[in-house]
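Those protein sequences? They're chains A and B, same order as listed.
Just so it is clear: in the first sequence, position 40 is 40 by our numbering, and no numbers are missing.
Just so it is clear: in the second sequence, position 12 is 202 by our numbering, and no numbers are missing.
Built from N, CA and C at the ideal position, the CB exists for glycine as well.
Presented below is the structure to which this report refers.
Number of protein chains: 2
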Amino acid sequence: MHGEIPPGEALTLRGIGKAYDVSMTPAREAVRRLVAEGALFLSSSGRVSTPALSNERIEELATLRALLEPELASRALPRAHFALIERLETINQGVSQVIARHDATGYIRMNLEFHRTLYLRAQAPAMLAMAETVWLQLGPTMRALYGRLNRTEPPYHHKLILSALKAGDEPGLRLAVRADATQGLRMLKG
Amino acid sequence: MHGEIPPGEALTLRGIGKAYDVSMTPAREAVRRLVAEGALFLSSSGRVSTPALSNERIEELATLRALLEPELASRALPRAHFALIERLETINQGVSQVIARHDATGYIRMNLEFHRTLYLRAQAPAMLAMAETVWLQLGPTMRALYGRLNRTEPPYHHKLILSALKAGDEPGLRLAVRADATQGLRMLKG
DNA sequence: CGGCGTTGTTTGTGATCACAAACAACGGAT
DNA sequence: ATCCGTTGTTTGTGATCACAAACAACGCCG
């Protein structure tokens, strides 16, 4: 999810087991779970690797983010008190710091934490789980995409999200979240 | 997914293995996968059962259907040729037959086949997979809900969907699909 | 020099086992 | 009669093993 593994990298059950100091059995169960969520790709011969997503698949996942996340944000809005907005602003400052460090994994992690912190207030666990499944599938790809993006500034849409939250502007919040979710997509064509 | 197992029913790895004539190992893997998709519930002690969904959770899953399925239908619309509509009408007749037979499982199966047949045309595998995950989570509950519903007629919204498809009416299609997806929800309050 | 078969190794699969935790049934004490 | 402790059974977990398929490297032949 955090882009620690590049797309298309092969994994072995024995290797995973060794990395976590367990036998093949727990490694297999974890892999099967991640395959079920689409986070790992299982070839017809049973080998597992991180998915190397096609452009069509990436667009589809971006569409899913654009469908799910505005709904989550909208549901979180009535419950977003000042303490939450303050936490979001703190996280957003952290995003600026990892950008300065050119830390791709850190950037992805902080960005997702920003979104998750907001969506947790939506009190919609099934919907949040779906959104996280999408993030999981996009993880390796986001890391690869981050390389093309030479970010120097913190994400613009996060500021829009914060002001919409403060203003209680539901349509504006939906728009800002949607834009932020699909923002990374633009790099595909280039 | 088809409601063959009522909500809250306990399953054992050895029992599943015996039912499919395999050892515990493949049964465990299958169970872990289904747990990851939310189709089965894993208690803190490791026992597995079909989920007994709260009303809030059911409403959430219905919302997810209402978000995902109109989008799938909309994407399928431009590719929906006459042969597809004909197939959908055939399936819909099958729905009428299982209703006459008071066959809950058959009804759910046919109903989902109707939707899946349409959505397959959307060429959006990730989105369809998400919709099917929702169906999977709702399976046992839908069976329980079917008991309260004394259907004598084929689903009204399916006809609306078919006419919207024939007319190429995209907004009407979205509305009809959304209504059909959330229709079963109304029985909750009663 | 390149294509292809062969061989040795890696890898996933399914079965089995020992173990500990959880559960259920029973019995005794209050 | 009810509560609680005890005991026997059920159940999930993780490890290990045998096996077959897949892969990769090498060498042979054209």
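Counted as a single uninterrupted DSSP element, the alpha helix (DSSP H) harbouring aspartate 370 of chain B occupies residues 360-373.
The alpha-carbon separation between alanine 256 of chain B and glycine 94 of chain A amounts to approximately 35 Å. Within the same chain, Phe41 come within 6 Å of proline 51 of chain A by CB-CB distance, once the 5 residues on both sides are set aside. Listed in chain order, the beta strand (DSSP E) elements of length 3 or more contained wholly in the region 36-100 of chain A amount to none. Of all residues in the region 116-142 of chain A, the ones placed with a Cβ closer than 9 Å to any Cβ belonging to chain B are Gln123, Ala124, Pro125, Ala126, Met127, Ala129, Met130, Thr133, Val134 and Gln137, in chain order. Counting C-beta pairs closer than 8 Å gives three or more between the region 62-81 of chain A and the region 161-174 of chain A, which meets the contact rule. Against chain B, the beta carbon of alanine 36 of chain A has neighbours under 7 Å at Arg223, Ala226 and Glu227, listed in chain order. Interface annotation, leucine 61 of chain A: in contact with chain B, CB-CB separation under 8 Å.
Taking a cut-off of 8 Å for Cβ pairs, the region 340-353 of chain B and the region 85-101 of chain A do not touch, as fewer than three such pairs fall below it.
Rounded to whole angstroms, the separation of the alpha carbons of aspartate 21 of chain A and leucine 13 of chain A is 12 Å. For arginine 218 of chain B, the C-beta contacts it makes with chain A under 8 Å involve Glu29, in order along the chain. Following the DSSP letters along the chain, one finds valine 324 of chain B inside the alpha helix (DSSP H) bounded by residues 315-338.
By DSSP's assignment, leucine 11 of chain A forms a beta bridge with A/Val48.
Contact between proline 197 of chain B and leucine 243 of chain B holds: CB atoms are separated by about 7 Å, below the 8 Å threshold. Looking at the backbone, the Cα of tryptophan 135 of chain A and that of alanine 179 of chain A are separated by about 16 Å. Contact with chain A is absent for leucine 232 of chain B, since none of that chain's Cβ atoms lies less than 8 Å from the residue's Cβ.
Contact between alanine 27 of chain A and arginine 174 of chain A is ruled out by a C-beta separation of about 41 Å, above the 8 Å threshold. In terms of Cβ geometry, leucine 185 of chain A and isoleucine 58 of chain A form a close pair [threshold 8 Å].
In the structure shown, the three-state DSSP call for valine 31 of chain A is helix. Residues of chain B whose Cβ lies closer than 9 Å to the Cβ of arginine 57 of chain A are, in chain order, Pro315 and Ala316. With a threshold of 16 other beta carbon atoms within 10 Å, threonine 133 of chain A meets it and is buried. Alanine 126 of chain A and glutamate 227 of chain B have their C-alpha atoms roughly 10 Å apart. Annotated as proximal: alanine 200 of chain B and arginine 237 of chain B, with beta-carbon spacing under 8 Å. For leucine 257 of chain B, the nearest beta carbon of chain A is closer than 8 Å to its own beta carbon. Within the same chain, Leu68 come within 7 Å of methionine 130 of chain A by CB-CB distance, once the 5 residues on both sides are set aside.
Taking a beta-carbon distance threshold of 8 Å, leucine 254 of chain B counts as an interface residue toward chain A.
When A/Thr63, A/Gln137, A/Pro70 and A/Ala176 are compared, the shortest CA-CA separation from tyrosine 119 of chain A is found for A/Pro70. For threonine 105 of chain A, the CB contacts under 8 Å within the same chain, skipping 5 residues up- and downstream, are His2, Gly3, Glu4 and Arg143 in chain order.
Contact with chain B is found for glutamate 71 of chain A, since one of that chain's Cβ atoms lies less than 8 Å from the residue's Cβ. Annotation for threonine 182 of chain A: Ala62 and Ala66 place their beta carbon closer than 6 Å to its own, counting only its chain and skipping 5 residues before and after.
Boundaries of the alpha helix (DSSP H) harbouring serine 353 of chain B: 346-357, taken from the DSSP string.
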